[in-house]
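Engineer: Numbering (my numbering), first residue to last: 21 to 295.
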């Protein structure tokens with residue numbers, strides 16, 4: 021599969037973050053934030069020039085595009101991949117980085133094309149929020165797993181069973197490699213674009229985007245055990261009201277809101293008694 025690298029000249033980091041949120045809803049699968057530009061990556065066959073131009077027109081921005089083969093992409097991703105340390109709780113590094121000391125959990129993630137290496141504020145907040153969840157013996161769903169980083173961390177925190185799903189072939193391949201690299205025994209990786217209707221979960225993790233979350237909150241409410249916990253991200257501050265309203269319709273109550281830059285991460289629970 022060939023990818024396009026879209027380069028958007030923009031120096032304002034707040035605009036970069038808002039662009040990432042909107043492009044993530046349009047099949048863009050990876051992002052690199054530079055000082056003078058934002059680079060976005062999308063499978064060549066899914067690129068829609070008119071769609072991109074409409075998004076960029078709101079800020080008066082332009083773009084250039086380059087065709088990028090899979091091998092070149094991996095090399096570029098490796099070159100830009102830096103370890104991520106989430107407080108003293110969790111470190112995320114590649115195999116070619118030296119071990120990171122002074123953290124409770126260390127995850128080794130092969131850098132490939134997928135959204136969720138931990139560099140992004142949303143993944144950082146999801147990992148930080150997971151520190152405060154009791155996952156021991158729990159059944160966990162990682163919806164939109166990407167690299168598999170959240171599913172891997174869930175097992176390390178004691179989850180009895182973890183299902184990691186994603187719609188993207190590249191992410192599934194990457195997640196499977198990372199699950200093996202981290203010697204996980206309780207993580208299953210499956211290709212799917214909706215939450216399975218035949219299973220119930222104690223905890224659902226979903227770091228995706230507003231569009232997908234609004235569509236899937238009904239399923240999340242259906243497949244989450246009463247009293248179960250959700251962590252949601254891939255959201256901007258201005259997305260909160262719509263997500264909160266839709267969550268309440270499905271017996272999901274947002275109890276905590278975290279922020280990092282323009283991004284938010286939400287924690288919620290399913291009502292023990294519906295109505």
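The C-beta atom is built at its ideal place from N, Cα and C for all residues, glycine as well.
Computed from a predicted structure; not experimentally measured.
For the beta strand (DSSP E) containing residue 215, name the first residue and the last one.
Structural biologist: It is not in any beta strand (DSSP E) - residue 215 carries neither H nor E in the DSSP assignment.
Engineer: Taking the continuous alpha helix (DSSP H) assigned at residue 23, which residues delimit it?
Structural biologist: Element bounds for residue 23: not the alpha helix (DSSP H) but the beta strand (DSSP E), 23-29.
Engineer: Write down every uninterrupted run of the alpha helix (DSSP H) in the stretch 205-267 whose length is 4 residues or greater and which is fully enclosed by it, in chain order.
Structural biologist: 230-243
Engineer: What are the start and end residues of each continuous beta strand (DSSP E) run of 3 or more residues lying completely inside the stretch 178-206, in chain order?
Structural biologist: 181-186
Engineer: Kindly indicate which three-state DSSP category residue 44 falls into: helix, strand or coil?
Structural biologist: In the structure shown, residue 44 sits in a helix (DSSP, three-state: H, G or I).
Engineer: Of all the options 104, 230 and 40, which has the alpha carbon lying nearest to the alpha carbon of residue 144?
Structural biologist: Among 104, 230 and 40, the Cα nearest to that of residue 144 belongs to 104.
Engineer: Rounding to the nearest angstrom, what Cα-Cα distance links residue 222 and residue 118 in this structure?
Structural biologist: 35 Å
Engineer: How would you write the range of the alpha helix (DSSP H) that residue 176 sits in, first residue to last?
Structural biologist: 169-176
Engineer: Would you call the CB atoms of residue 111 and residue 287 closer than 8 Å?
Structural biologist: no
Engineer: For residue 60, is the classification buried or exposed, using 16 other Cβ atoms within 10 angstroms of its Cβ as the cut-off for buried?
Structural biologist: buried
Engineer: Could you pull out every residue in the same chain whose Cβ sits closer than 7 Å to the Cβ of residue 172, ignoring the five residues on either side in sequence?
Structural biologist: 127, 198, 199, 202, 204 and 207
Engineer: Which value, in whole angstroms, describes the spacing of the CA atoms of residue 291 and residue 108?
Structural biologist: 32 Å
Engineer: Apart from the five residues on each side of it in sequence, which residues of its chain come closer than 6 Å, Cβ to Cβ, to residue 182?
Structural biologist: 160, 171, 174, 175, 206 and 207
Engineer: Just reading off the alpha helix (DSSP H) that residue 147 is part of, what are its end residues?
Structural biologist: Per DSSP, residue 147 is one residue of the alpha helix (DSSP H) stretching across 141-150.
Engineer: Applying the criterion that 16 or more other CB atoms from any shown protein chain within 10 Å of the CB defines a buried residue, is residue 273 buried or exposed?
Structural biologist: Exposed, since its Cβ has fewer than 16 Cβ neighbours within 10 Å.
Engineer: Quick check on DSSP: helix, strand or coil for residue 84?
Structural biologist: Reduced to three states, the DSSP call for residue 84 is strand.
Engineer: In the structure shown, what three-state DSSP assignment does residue 59 receive?
Structural biologist: strand
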